[in-house]
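In this note's numbering, the protein residues as written are 48 to 347. Beta carbons are placed, not taken as given, at the ideal position from N, Cα and C, and that holds for glycine.
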Amino acid sequence: MEQTDLRAPTVTAAVRPVTPQQRAARAARNGGAPTLEFAERVPYDAYVRASTLHQLQQPLSDDPGEMSFLMVSQIMELYFGLTCHELRQAQRELRANRIWDALPPLRRAALHIEGLNAAWQGLRWMTPADFNRFRNLLGEGSGFQSAMYRHLEFLLGLRDPALIRPFRRQTEVYAELTATLAAPSLWDDVVALLARRGFDLPAELLDRDVAVEHEPHPAVEAAWVRIYADGGPDNHLRLLGEALTEVAERFGDWRWHHIKAVQRTMGAKVGSGGSAGLAWLQRSMARVVFPELWSARTAM
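Right under this line is the structure:
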């Protein structure tokens, strides 16, 4: 079972394919001006669902700053889903041994995480006093409870089965998280690819329980040292390593920005979801994404 986190928009009567010839003819009729009359819903809104998106912000207070907090959180959720979409595509390509085709979705994923990092800038104005004006209204609500962020962590190889427990009463969400946890992570797929390419990796590494977080292994590190020794343009595994490094580095930046945002807005207070807040985030950041890609650089 694979979660479909992004679905193609439903084609409605207001969204019809237009050929280049039709587009040119319409432009000629309009004298170069945009089309201003439509029989039904504006096609842009029918495709993007902008009117729906702009109805999803429902602040809990009259504080004007809460809208920034709410909307930036929603933007991050969209980026989590988009990044998961790209990583799943990369997994499909790697499982089919199409390394070259796995590179574009990985590069897009790194750029999407840059978008995530940029989203933090929209909250740099927030002091503890600003946050405290509406924080209590959030109750136990916390970013810690983001299901899509858990999908992203699981896909990147950061796995803790206990973290899906909050979703047990949301049966569909829980089932999707369980499926992601039970399936190989992106790093598991990379390790399996290395084995298929002839690198000597032990069976216990390849046949392990993928629901458990990967432990760094010297054989995987040695494989990457060998891969990077070949700087030729046809070494697609080296290009894969660099694309993965970009994803891991950008994700590490996002976690660091998260820590700084928490320090700025609430210091070392207990988190809204019951965690230790700042201390929890600092411990979480110590878990490295794609660990052997980093440790191998010492031996290169």
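CA nearest to the CA of A176, picked from Q310, A230 and T227 = Selected option, being the one with the closest Cα: Q310.
ask   = Under the three-state reduction of DSSP, which class applies to S98: helix, strand or coil?
value = It is helical.
key: Same chain, Cβ closer than 7 Å to D110, neighbours up to 5 away in sequence not counted   = Non-local C-beta neighbours of D110 in its own chain, meaning closer than 7 Å and more than five positions away in sequence, comprise R180 and F181, ordered along the chain.
task = Compare the Cα-Cα distances from W301 to each of L117, L153 and A166 and report the closest residue.
result = Out of L117, L153 and A166, A166 has the C-alpha closest to the C-alpha of W301.
inquiry  = Tell me which residue opens and which closes the alpha helix (DSSP H) that Q69 is part of.
reply    = Per DSSP, Q69 belongs to the alpha helix (DSSP H) from P67 to R76.
query = For R63, which three-state DSSP category applies?
reply = R63 carries a coil assignment under DSSP once its states are collapsed to helix, strand and coil.
query = According to DSSP, is V336 helix, strand or coil?
reply = Of the three classes helix, strand and coil, the one that applies to V336 here is coil, per DSSP.
task = Kindly indicate which residue of W172, Q138, L253 and D281 has the alpha-carbon position closest to the one of T227.
result = Closest in C-alpha terms to T227, from the list W172, Q138, L253 and D281, comes Q138.
query = Under a three-way DSSP split, which group does Q104 fall into?
reply = In the structure shown, Q104 adopts coil according to DSSP, grouped into three states.
task = Work out the CA separation of A157 and H101 for me, nearest whole Å.
result = Cα to Cα, the separation comes out at about 27 Å.
request  = Might you give, ordered along the chain, the residues of its own chain that have their beta carbon closer than 7 Å to the beta carbon of L286, omitting 5 neighbours on each side?
outcome  = Correct list, in chain order: L150.
ask   = Excluding five sequence neighbours on each side, which residues of the same chain lie with their C-beta closer than 8 Å to the C-beta of M195?
value = So the list reads D52, E124, F127, G128 and C131, once near-sequence residues are dropped.
key: Cutoff 6 Å; reference F116; Cβ partners in own chain excluding five residues on either side   = Taken in chain order, the list of residues that qualify is empty.
task = Report, in whole angstroms, the separation of the C-beta atoms of V119 and G190, which I expect to be a contact under 8 Å.
result = Between V119 and G190 a beta carbon distance of about 11 Å is seen, past the 8 Å cut, so the two are scored as non-contacting.
inquiry  = Helix, strand or coil for P280? Go by DSSP, reduced to three states.
reply    = Coil.
inquiry  = My output table needs one value for P81: the three-state DSSP class, helix, strand or coil.
reply    = It is coil, neither helix nor strand.
ask   = So is M313 in contact with chain D if we call contact Cβ pairs under 7 Å?
value = The structure shown contains no chain D; it holds only a single protein chain.
query = Is it buried or exposed for A55, if we count other Cβ within 10 angstroms and need 16 for buried?
reply = Note on A55: pLDDT 49, under 50, position unreliable in the model; the coordinate value appears next. With fewer than 16 other beta carbons inside 10 angstroms of its own, A55 counts as exposed.
query = How would you label G204, buried or exposed, when you count the other beta carbons within 10 angstroms and need 16 or more for buried?
reply = Buried, since its Cβ has 16 or more Cβ neighbours within 10 Å.
message = Within 10 Å of its beta-carbon, does F85 have 16 or more other beta-carbons around it, so buried, or fewer, so exposed?
response = F85 comes out exposed.
ask   = Applying the criterion that 16 or more other CB atoms from any shown protein chain within 10 Å of the CB defines a buried residue, is T218 buried or exposed?
value = It is exposed - the Cβ of T218 has fewer than 16 other Cβ atoms within 10 Å.
Opening and closing residue of the alpha helix (DSSP H) in which M195 lies = Where M195 is concerned, the enclosing alpha helix (DSSP H) stretches over A194 to L203.
ask   = So, helix, strand or coil for R180, using DSSP?
value = Judged by DSSP in its simplified three-state form, R180 adopts helix.
ask   = By Cβ distance, which residues of its chain are closer than 6 Å to A295, with the 5 residues on each side in sequence left out?
value = Result list for A295: V336 and F337, in chain order.
inquiry  = Suppose you measure from the CA of R255 to the CA of E87; what does that come to, to the nearest Å?
reply    = The alpha-carbon atoms of R255 and E87 are separated by roughly 55 Å.
ask   = Are the Cβ atoms of H10 and L252 separated by less than 7 Å?
value = There is no way to answer for residue 10, as the model of the chain reaches only from 48 to 347.
task = Note down the Cα distance separating N282 from V267, rounded to an integer number of angstroms.
result = So the alpha carbons of these two residues sit roughly 17 Å apart.
Burial state of R63, where buried means 16 or more other Cβ atoms lie within 10 Å = By the neighbour-count rule (16 or more Cβ atoms within 10 Å), R63 is not buried but exposed.
key: Runs of beta strand (DSSP E) lying entirely within the stretch 218-249, each at least 3 residues, in chain order   = Secondary structure remark: continuous beta strand (DSSP E) runs of at least 3 residues inside the stretch 218-249: none found.
message = Cutting at 6 Å between CB atoms, please list the residues of its own chain near E49, excluding the five before and the five after it.
response = Low per-residue confidence applies at E49: pLDDT is 46, beneath 50, and the placement is therefore not dependable enough to give any value.
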